[in-house]
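>
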Amino acid sequence: MMTYPIIDASRLCLFHGEKCILDEGTFKIFEGQWSEIIGPPNSGKSTLLNAIIGNHDQGSGQLQILGYTLFPVNRDDARLLRRKIGLAQQTPDLLMDKTIRVNLMMALQAADKIKEKPDESIIQEMLDEVGLLAKIKSEIRNLSHTEILTVAILRSIITKPKLILIDQLLEYLEENFRNKLIAILYNLVIKEKIALISTSYLELPNLPFETLRFKLDGGKLLAIN
């Protein structure tokens with residue numbers, strides 16, 4: 097059975113000011129696939145993810161995401177596209193003075209999707225999987241750094257979007273939390289046929305499965321498997 101290309105890029109060029117981030121990159125990311133983009137600091141990993149969500153228009157070439165054609169970026173299409181993507185960034189998009197429960201509930205209620213379970217059950221089950229259920233009523237600002245990053249990732253995946261982007265977060269988690277999250281993410285990739293892209297400085301250690309690995313450096317995106 098043919099898998100569906102979630103991302104289809106052809107001769108994609110990206111710039112950040114005068115710096116060439118990506119020079120004629122051609123690649124495809126399919127549903128049910130975990131892809132790692134590895135590269136040194138300032139190599140353009142975050143810029144590439146911003147282009148994927150329609151939030152970076154300094155470039156040229158062809159880029160299709162979930163059926164939406166970018167470059168040039170249509171702002172209405174980009175807004176609709178972002179609602180279908182789960183994004184966890186280095187600066188977590190969380191309300192620091194609100195509880196874990198409130199932050200996750202807001203993500204669920206904003207999603208226009210039919211859910212198999214009540215929102216409260218979804219939240220509690222997910223927090224239990226990562227060992228944070230006891231802190232469901234804790235405000236984000238009172239959590240540890242690892243706990244904050246964990247909640248940010250949970251928020252990005254709780255609605256099971258077709259595409260998940262995790263920008264340089266997994267490598268900074270404590271090993272216990274990272275292993276639990278990786279298991280959850282892998283389950284989503286396999287069972288829900290979600291496409292996932294994670295970026296990092298180094299390859300994620302001790303993954304119990306294979307990923308599609310790319311290296312981004314000097315404007316080149318090369319497969320390194």
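Residue numbering for the sequence shown follows the working numbering, beginning at 97 and increasing consecutively.
For glycine and all other residues, C-beta sits at the position ideal for the given N, C-alpha and C.
Remember, it's a predicted structure, so these values are computed and weren't measured experimentally.
What are the uninterrupted segments assigned as beta strand (DSSP E) that are 3 or more residues long and contained completely in the region 117-202, given in chain order?
Taking only runs of at least 3 residues, the beta strand (DSSP E) segments lying wholly in the region 117-202 are 130-134, 155-161, 164-166, 181-184.
> Since Ser234 is in the alpha helix (DSSP H), which residue starts that stretch and which ends it?
Position 138 of the sequence shown, counted from the first residue, corresponds to residue 234. Run containing Ser234: none; DSSP gives neither H nor E here.
> Terminal residues of the continuous alpha helix (DSSP H) containing Ile102?
Along the sequence shown, read from residue 1 onward, the residue named residue 102 stands at position 6. Here Ile102 belongs to no alpha helix (DSSP H); instead the beta strand (DSSP E) covers 101-112.
> Check whether the region 181-195 and the region 232-247 touch, using three or more Cβ-Cβ pairs below 8 Å as the test.
Enough Cβ pairs lie closer than 8 Å, so yes.
> Verify whether the separation of the beta carbon atoms of Thr165 and Asp173 is less than 9 Å.
Locating residue 165 in the sequence shown gives position 69, counting from the first residue. Locating residue 173 in the sequence shown gives position 77, counting from the first residue. Going by C-beta atoms, Thr165 is nearer than 9 Å to Asp173.
> Which partner residues of Ala319 appear in the DSSP bridge assignment?
The sequence position of residue 319 within the sequence shown is 223, counting from 1. Ala319 pairs with Phe310.
> Nearest-angstrom Cα distance between Asp153 and Gly121?
As a first step, residue 153 is located in the sequence shown; it is residue number 57 there, counting from the start. As a first step, residue 121 is located in the sequence shown; it is residue number 25 there, counting from the start. Each residue's alpha carbon lies about 15 Å from the other.
> Do Ile133 and Thr295 count as a contact pair if the criterion is CB distance below 9 Å?
The sequence position of residue 295 within the sequence shown is 199, counting from 1. The sequence position of residue 133 within the sequence shown is 37, counting from 1. In contact: Thr295 and Ile133 (Cβ atoms closer than 9 Å).
> Please return the same chain residues whose Cβ sits closer than 6 Å to the Cβ of Lys289, not counting the five positions on each side in sequence.
The residue you call residue 289 lines up with position 193 of the sequence shown. So the list reads Glu127, Gly128, once near-sequence residues are dropped.
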